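Numbering (the numbering used here), first residue to last: 4 to 187.
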């Protein structure tokens, strides 16, 4: 079974933040898989699991996860799920925003994440390893928007605006197409 965990923060306040691009990707992936395999998915809506403190969509082949612990404690849900389902780390994909990569770009890498990312640090700490797949979604655009000098933490909690929304939608489509191959 493949597990794809999108990192983000729960609630409408954070819905369109750069930091929530992990949630955006797993939601778009769920929608795409629903269209491609309508008979395979019994319930394609994310449902809250108290056991894992996460919203989950599950099939025999994959688990899509949105931890509801807030970004800095994302590893709690991810580790519980991996232990419960006995997931091998090579089958774990963590989707997260990355300020080391310009907006419109992404990387899928094994064991390599951004220089600093509290959500990812939580995952690594709770799992005791960094040997899983990172889906690094570029959100850096401070030069263009005139936000040079704005700290990363503040910037990542801002919403995508204007043309950024179009760029992010296109990038999410590309990422989803790559991830469909992983779970199909």
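Glycine included, each C-beta is placed from N, C-alpha and C at the ideal position. Fair warning: this is a prediction, and the values are worked out from it, not measured in the lab.
- Scanning 118, 124, 129, 105 for the CA closest to the CA of residue 84 turns up 129.
- In the structure shown, the three-state DSSP call for residue 22 is helix.
- For residue 25, the closest alpha carbon among the candidates 153, 77, 184 is that of 77.
- Its chain contains 83, 87 as the residues whose beta carbon lies nearer than 8 Å to that of residue 54, once the 5 sequence neighbours on both sides are disregarded; these appear in chain order.
- Taking 8 Å as the cut-off, the beta carbon of residue 139 is found closer than this to the beta carbon of residue 104.
- For residue 183, the three-state secondary structure derived from DSSP is helix.
- Within the DSSP bridge table, the entry for residue 110 names 139 as partners.
- For residue 61, DSSP records a beta bridge to 66.
- Between residue 28 and residue 81, the beta carbon gap of about 15 Å keeps them out of contact (Cβ cut-off 8 Å).
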